[in-house]
Each structure stands twice: as structure tokens, then as C-alpha cells.
Amino acid sequence: MDDVAVGPLDLAARVDDALAVQALAFGLSDEEIAVRRHIVLRHLGCPGARALGATTPDGRLVGFVYGMPNDRAHWWSTVVEPYLRNACLDHWLDDSFTITELHVHPGFQHRGVGRSLITRITDEAAEPRSILSAIDTESPARRLYRSLGYQDLARRVLFPSAPTPYAVMGAPLPLKRP
């Protein structure tokens, strides 16, 4: 992490750089990037939305995270709410900070960049807990989230147009440290 600095990110100004990182990390097509661009810009208008970036000394964006206080009226919450309610865990949708996206360039993964991004953004949250969704498979991302205290709240969550199921995870704040 010595060659990467984590700090505030003007995500609206650097949305294309951020989506290029997400495309590499997540394997997105140009069409998916275009759709996500509109979503990111819309999210940035939500109260309390904020972003952090991980940049190299020359200003190259190699990772980003953004999130906001959860709102049950948002699309994501309306999709996950029935799954959480079935597990009697829908209270997690209240008074939570949602990690909307967290992505690190593949060449900078496994170096603490993602951990630094998510702990820094949640450390600034006023809410007592955090929630997120991740592809429901064993992956480095899910292992990272578990190491920070996130636990599965719901699994096999199906989002419209997503080809694979997701897990919804939640953790009390502040996140665990190693």
C-alpha cells in the first residue's frame, strides 16, 4: 500500500476512471459500464453519499468505494427487503450505511487497498452498522468482508438482470481490525 494513497474522491468528476477499474475488476461490458455510469451519478445525488479513492503517486485511480445511508425506498433495498424479512433481519435496512460499490484494479488487489477503502468510509459513517451485497460465492471479496465482521444476512438473493445470485452481508460499526 506504500505506493497507493486513500482519500476523498470526487466520483462525479472521475466516474469514467472508476468505472474502468470496476470493469477490470468485475468483467463488465461497455454496455454495462454505460448503464452503471448513470446509476453512479444518480446515487451521488442521494443525501450522505460519499466516495473514497485509491490513487498512485501519478494520480492514477486504482480503487474506489462509495456508499450512503440506506433508504428503504431505494431500488436495492426494495429487492433485498423480502429476503431479509424472511430471515427476520429486515431491521438491518434501517440506520445502516450501505457500501454501494467497492472495486480495486486487479494489479493492486491483495495489498490492503480494499480493506483501507472500506474501513475508512465506514469509520466516517454516523450509522451503527453497514450493509452490502456481494456475489454469493466464496471469493477474496467475501473473505475480506468476513474478516471485517460482516456476516451473511441473506443468500441466493436475485437481482433483476444479474446472472448470478448475491449475498447480503451486514456488520456492526466500527468494522473489525486485524
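Going left to right, the sequence shown walks through residues 7 to 184 as our numbering numbers them.
Every residue, glycine too, gets a C-beta built ideally from N, C-alpha and C.
Span separating the alpha-carbon of residue i from that of residue j
| i | j | result |
| --- | --- | --- |
| W98 | S35 | 32 angstroms |
| D22 | A31 | 14 angstroms |
| D185 | S136 | Coverage of the chain is limited to positions 7 through 184, which leaves residue 185 absent and any answer about it impossible. |
| R183 | F165 | 31 angstroms |
| W229 | G51 | In the structure as shown, the chain starts at 7 and stops at 184, and residue 229 therefore has no counterpart that could be examined. |
| V68 | L25 | 11 angstroms |
| G33 | P146 | 15 angstroms |
| L95 | D64 | 44 angstroms |
| D158 | D8 | 32 angstroms |
| A160 | G113 | 31 angstroms |
| H49 | A55 | 7 angstroms |
Residue i in three-state terms, based on DSSP
| i | result |
| --- | --- |
| E107 | strand |
| R183 | coil |
| V41 | helix |
| V68 | strand |
| A147 | helix |
| L50 | coil |
| R56 | strand |
| V85 | helix |
Test: residue i CB closer than 8 angstroms to a CB of chain D
| i | result |
| --- | --- |
| A147 | As a matter of chain content, chain D is missing from the structure shown, which is built from one protein chain. |
Residue i: first and last residue of the uninterrupted beta strand (DSSP E) it sits in
| i | result |
| --- | --- |
| R162 | Q157 to V163 |
| V27 | No beta strand (DSSP E) holds V27; the alpha helix (DSSP H) holding it covers V21 to F32. |
Delimiting residues of the alpha helix (DSSP H) encompassing residue i
| i | result |
| --- | --- |
| V221 | This structure cannot settle anything about residue 221, because the visible part of the chain is limited to 7 through 184. |
Legend entry - Every unbroken beta strand (DSSP E) inside the stretch 89–139 [3 residues or more]: 102–110
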